[in-house]
Amino acid sequence: MKPFPPRALMAIFAVLASMALAFAAPAQAAPGNPYQRGPAPTWASIAAETGPFTVAQVTVPSGSGAGFNDGTIYFPVDTSQGTFGSVVIMPGFVAPQAEIAWYGPRLASQGFVVMTLDSNALWDFPTDRSNQQLAALNYLTTQSVVKNEIDPRRSAVMGWSMGGGGTLESAANTPSLKAAIALAPWDVTNPAGQITVPTMIFGADNDNVAPVSTFALPAYNALTNAHDKAFVELKNADHFTFASPNTTVAEYSIAWLKRFVDNDTRYDQFLCPTPNDPNTVAFLNTCPL
Numbered sequence: 009m010k011p012f013p014p015r016a017l018m019a020i021f022a023v024l025a026s027m028a029l030a031f032a033a034p035a036q037a038a039p040g041n042p043y044q045r046g047p048a049p050t051w052a053s054i055a056a057e058t059g060p061f062t063v064a065q066v067t068v069p070s071g072s073g074a075g076f077n078d079g080t081i082y083f084p085v086d087t088s089q090g091t092f093g094s095v096v097i098m099p100g101f102v103a104p105q106a107e108i109a110w111y112g113p114r115l116a117s118q119g120f121v122v123m124t125l126d127s128n129a130l131w132d133f134p135t136d137r138s139n140q141q142l143a144a145l146n147y148l149t150t151q152s153v154v155k156n157e158i159d160p161r162r163s164a165v166m167g168w169s170m171g172g173g174g175t176l177e178s179a180a181n182t183p184s185l186k187a188a189i190a191l192a193p194w195d196v197t198n199p200a201g202q203i204t205v206p207t208m209i210f211g212a213d214n215d216n217v218a219p220v221s222t223f224a225l226p227a228y229n230a231l232t233n234a235h236d237k238a239f240v241e242l243k244n245a246d247h248f249t250f251a252s253p254n255t256t257v258a259e260y261s262i263a264w265l266k267r268f269v270d271n272d273t274r275y276d277q278f279l280c281p282t283p284n285d286p287n288t289v290a291f292l293n294t295c296p297l
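Its first residue numbered 9, the sequence shown is counted upward by one per residue in the working numbering.
As structure tokens, this is what we get:
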């Protein structure tokens, strides 16, 4: 008899967990969630390059708003289900917006308004990147051409490398955010102890720029005030894995944003029980269930 593949086992565990919840804690369900967007998710749907929403994009030239450089907004065309949560994504040291551009349409097609950025200067450090990220978020939700598609109460931040360090600083300074995702974060400070926002941190086992043991894992361990947190260490990956499309990064980023920006408990199944994913070296979380 052939052993079950890891994804099949994960699906079985998710079903068993859902059955247990149905009998033990029905009050935790969220029927009629006003923020729920899109059809019932599956492993295939969160791994897909394109989600259920058709996406359009608009360029934001430099000077469009105060405190940030330029960017691109990706947004769902269909607004029949209501407004969407928003995500602002910051690149890393000397990295142009092009290196994080793949996150824009991928996340937007799952039901988010996403803005990717260029930093003011390629060599900006994390604190500057955080300030720019939050300025762009303010612009996106209050001044942009798609502001009416956005629920300004449901925003998230995301970033890679020094942009990931900036993301942690943004989360530490903005407790009203619904979620944060730091991709191989680099920062000389560790602000994670101040964070109460649900935060997911990614690392890579072969990262020599921001080694997991120096940056990502200490940040995760310092998230003592964040009730919901997760740490994902990618297998056979390095610092630049995050700068091109990656299914594992997309899957768990989508699940995290859906769960906490949209309060959509249908995505619990991808986070709990803690996945035994063959594409990861380590997966730690507090389980939103």
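Yeah, the Cβ is synthetic: ideal placement off N, Cα and C, and Gly gets one too.
Could you please give me the residues that DSSP links to N293 through a beta bridge? Beta bridge pairing from DSSP links N293 with A238.
Any idea which residues DSSP pairs Q65 with across the strands? Y82
With a CB to CB cut of under 7 Å and the five nearest residues on each side skipped, what residues in its chain are close to N198? Residues of the same chain with a CB within less than 7 Å of the CB of N198, apart from the 5 flanking positions on each side, are P226, A227 and A230 in chain order.
When burial is assigned at 16 or more other CB atoms within 10 Å of the CB, is A64 buried or exposed? exposed
Reference A179; option with closest CA among V217, K237 and D126: K237
Cα-Cα separation between A116 and Y82, rounded to whole angstroms: 6 Å
Going by DSSP, name the residue or residues bridged to W168. L191
Starting from V269, trace the alpha helix (DSSP H) both ways and give me its first and last residue. Per DSSP, V269 belongs to the alpha helix (DSSP H) from T255 to V269.
Assuming N128 and Q140 are in contact, meaning their beta carbons sit under 8 Å apart, how far apart are those beta carbons, in whole angstroms? Confirmed, Cβ separation roughly 6 Å.
Quick one: residues in its chain with C-beta nearer than 8 Å to the C-beta of L242, no 5 flanking neighbours on either side, listed in chain order? F210, G211, A212, D213, T249, N254, T256, V257, N287, T288 and V289
Looking at the strands, I want to know which residues DSSP matches up with F120. G93
Spatial neighbours of A143 in its chain, beta-carbon cut-off 8 Å, leaving aside the 5 residues before and after: G73, A74, G75 and F76
Do F278 and P60 have their CB atoms nearer than 9 Å? no
Where does P160 sit, in a helix, a strand or coil, going by DSSP? strand
Per DSSP, I209 forms a beta bridge with which residues? A190 and F239
For the segment 128 to 137 and the segment 145 to 156, state whether three or more C-beta atom pairs, one from each stretch, are separated by less than 8 Å. no
For the alpha helix (DSSP H) containing D136, list its first residue and its last residue. P134 to T150
So, at 7 Å on beta carbons, what are the nonlocal neighbours of T204 in its own chain, with the 5 sequence-adjacent residues on each side left out? P183, N233 and A234
If contacts are defined as beta-carbon pairs under 8 Å, then G79 and Q44 qualify, I think. What distance do you get, rounded to the angstrom? Between Q44 and G79 the Cβ distance is about 28 Å, and since that is not below 8 Å, they are no contact.
Can you give me the C-alpha to C-alpha distance between M208 and P69, rounded to a whole angstrom? 30 Å
Give me the Cα-Cα distance between S252 and P281, rounded to the nearest whole angstrom. Cα to Cα, S252 sits roughly 28 Å from P281.
Keeping to the same chain, check which residues put their C-beta closer than 8 Å to that of A188; ignore five residues upstream and five downstream. A164, V165, M166, T175, L176, S178, A179, I203, V205, P206, T207 and M208
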